[in-house]
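Participant: Residue numbers (our numbering): 1 to 262. Glycine included, C-beta positions come from ideal geometry on N, C-alpha and C.
Given below as structure tokens:
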């Protein structure tokens, strides 16, 4: 792997992905940009090539399509220059669970989870063998909060968090850093997908602020970065509470509270 690894970023035509491209380019990283909209990616790439001088490749792909996904997987497996994967591609849909069509839900799950895990699977063995590299998975605070009412979207983001934490435990000892980034409400085009007006919302984080904060966490090698969370101790307490249950998961008998019928 080169001294400064190349970065492959999915969902790179706009929003969070485009800002990640900007920030990594300004750090001197060559880029591989992946998205469906080649024209918008080329606009991002053209500007950054001129402003930073880095090499930027465009890889047009719809990650819900098997053949396109395979094309990106092949690039991740074969291109030894790529040392960082930013799994940013994702979408949301409007309505409640009973209102959402099965086909729309299937596409949502395919993009937010299947593509995420397949791309991580494509690059992880090579990074582990090299003993270096990073995988960044963009999740959401919605994955921690079913109360927000975005049931399937939130479930996919809970998947992204769990996958990141599990991969961190597996790959960390091999020298590979894995980061989950959990944004809250951020000014991106995803709100158009759910039929919401982001300009009418309160406490909306700008994309640049979100990515800059995420990169502070990246540089600190945080396993989980939650840019809007003021107190790190709240997350630490959440994790500590979860871990206190571990000792009881191995009990051979049901807990006493389940041995008496209501």
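Alpha carbon to alpha carbon, how far is residue 186 from residue 76? Give it in angstroms, no decimals.
Facilitator: Taking the first residue of the chain shown as 1, we reach residue 76 at position 76. Taking the first residue of the chain shown as 1, we reach residue 186 at position 186. So the alpha carbons of these two residues sit roughly 28 angstroms apart.
Participant: By Cβ distance, which residues of its chain are closer than 8 angstroms to residue 109, with the 5 residues on each side in sequence left out?
Facilitator: Locating residue 109 in the chain shown gives position 109, where the first residue counts as 1. Same-chain partners within the cutoff: 152, 156.
Participant: Under a three-way DSSP split, which group does residue 87 fall into?
Facilitator: Taking the first residue of the chain shown as position 1, residue 87 is located at position 87. Reduced to three states, the DSSP call for residue 87 is strand.
Participant: For the region 21–41 against the region 93–108, do three or more pairs of beta-carbon atoms, one drawn from each stretch, fall closer than 8 angstroms, so that the two count as touching?
Facilitator: Verdict: no, contact absent.
Participant: Going by other Cβ atoms of all chains shown within 10 Å of its Cβ, with 16 needed for buried, is residue 237 buried or exposed?
Facilitator: Counted from its first residue, the chain shown places residue 237 at position 237. Answer is exposed; the Cβ neighbour count stays below 16.
Participant: In chain order, which alpha helix (DSSP H) runs of at least 4 residues are fully inside the region 51–103?
Facilitator: The region 51–103 contains these whole alpha helix (DSSP H) runs: 66–78.
Participant: I need the DSSP call for residue 253, collapsed to helix, strand or coil.
Facilitator: Here the question's residue 253 lines up with position 253 in the chain shown. Three-state result, residue 253: coil.
Participant: Kindly list the residues whose CB is nearer than 6 angstroms to the CB of residue 180, restricted to its own chain and excluding five residues on each side of it in sequence; keep chain order.
Facilitator: Locating residue 180 in the chain shown gives position 180, counting from the first residue. Counting only Cβ-Cβ distances below 6 angstroms, and skipping sequence neighbours, we find 137, 139, 161, 164, 224.
Participant: Enumerate in chain order the residues of its own chain whose CB-to-CB distance from residue 206 is below 7 angstroms, with the five nearest sequence positions on each side excluded.
Facilitator: By one-based count along the chain shown, residue 206 stands at place 206. Around residue 206: 187.
Participant: Just tell me which of 230, 111, 169 has its CA closest to the CA of residue 68.
Facilitator: Your numbering for residue 68 matches position 68 in the chain shown. Closest option to residue 68, Cα to Cα, is 111.
Participant: Tell me whether residue 186 sits in a helix, a strand or coil according to DSSP, three-state version.
Facilitator: Start at 1 with the first residue of the chain shown, and residue 186 comes out as number 186. In this structure, residue 186 counts as strand in the three-state DSSP scheme.
Participant: Excluding sequence positions up to five away, which residues of its chain have a Cβ less than 8 angstroms from the Cβ of residue 19?
Facilitator: For the purposes of this step, residue 19 is taken as residue 19 along the chain shown, with counting starting at 1. Closer than 8 angstroms at Cβ, skipping near neighbours: 207, 208, 210, 211.
Participant: Kindly indicate which three-state DSSP category residue 35 falls into: helix, strand or coil?
Facilitator: As a first step, residue 35 must be located in the chain shown, where it is residue number 35. Residue state, collapsed to three classes: strand.
Participant: Between 4, 23, 143, which has its C-alpha nearest residue 80's C-alpha?
Facilitator: Taking the first residue of the chain shown as 1, we reach residue 80 at position 80. With distances taken between Cα atoms, residue 80 lies closest to 4.
Participant: Provide the residue(s) that pair with residue 205 in DSSP beta bridges, ordered along the chain.
Facilitator: Here residue 205 is taken as the residue at index 205 of the chain shown, counted from 1. Residue 205 is bridged to 186.
Participant: Under the assumption that residue 213 contacts residue 227 (Cβ atoms under 8 angstroms), give the Cβ distance between them as a whole number of angstroms.
Facilitator: Along the chain shown, one-based indexing puts residue 213 at 213. Along the chain shown, one-based indexing puts residue 227 at 227. Indeed they touch by this definition, with Cβ atoms about 4 angstroms apart.
Participant: Under a CB-based cut-off of 9 angstroms, is residue 6 close to chain B?
Facilitator: Absence of chain B from the displayed structure is noted, only one protein chain being present.
Participant: Quick one: Cα of residue 158 to Cα of residue 260, how far?
Facilitator: In the chain shown, counting from the first residue as 1, residue 158 sits at position 158. In the chain shown, counting from the first residue as 1, residue 260 sits at position 260. Those two C-alpha atoms are separated by around 33 angstroms.
Participant: Are the Cβ atoms of residue 85 and residue 7 separated by less than 9 angstroms?
Facilitator: The count along the chain shown starts at 1 and reaches residue 85 at position 85. The count along the chain shown starts at 1 and reaches residue 7 at position 7. For residue 85 and residue 7, yes; Cβs fall inside 9 angstroms.
Participant: Rank 55, 95, 23 by C-alpha distance to the C-alpha of residue 30 and give the top, closest one.
Facilitator: By 1-based counting over the chain shown, the position of residue 30 is 30. With distances taken between Cα atoms, residue 30 lies closest to 55.
Participant: Report the residue from 116, 252, 95 whose alpha carbon sits nearest the alpha carbon of residue 150.
Facilitator: On the chain shown, residue 150 is found 150 positions in, with the first residue counted as 1. Among 116, 252, 95, the Cα nearest to that of residue 150 is on 95.
Participant: Going by DSSP, what residue range makes up the alpha helix (DSSP H) through residue 152?
Facilitator: In the chain shown, the residue the question calls residue 152 occupies position 152. Its alpha helix (DSSP H) spans residues 151–171.
Participant: Can you grab the Cα-Cα spacing for the pair residue 143 / residue 247, in whole Å?
Facilitator: Within the chain shown, numbered from 1, the residue matching residue 143 stands at position 143. Within the chain shown, numbered from 1, the residue matching residue 247 stands at position 247. Distance between the alpha carbons of residue 143 and residue 247 is about 25 angstroms.
Participant: What did DSSP end up calling residue 179 once you bin it into helix, strand or coil?
Facilitator: Locating residue 179 in the chain shown gives position 179, counting from the first residue. Three-state DSSP puts residue 179 in a strand.
Participant: Indicate whether residue 63 and residue 89 have their beta-carbon atoms separated by less than 9 angstroms.
Facilitator: Taking the first residue of the chain shown as position 1, residue 63 is located at position 63. Taking the first residue of the chain shown as position 1, residue 89 is located at position 89. Yes, these two residues count as a Cβ contact at 9 angstroms.
Participant: By the three-class DSSP mapping on this structure, what secondary structure does residue 244 have?
Facilitator: Here residue 244 corresponds to residue number 244 of the chain shown, with the count starting at 1. Here residue 244 sits in helix by DSSP.
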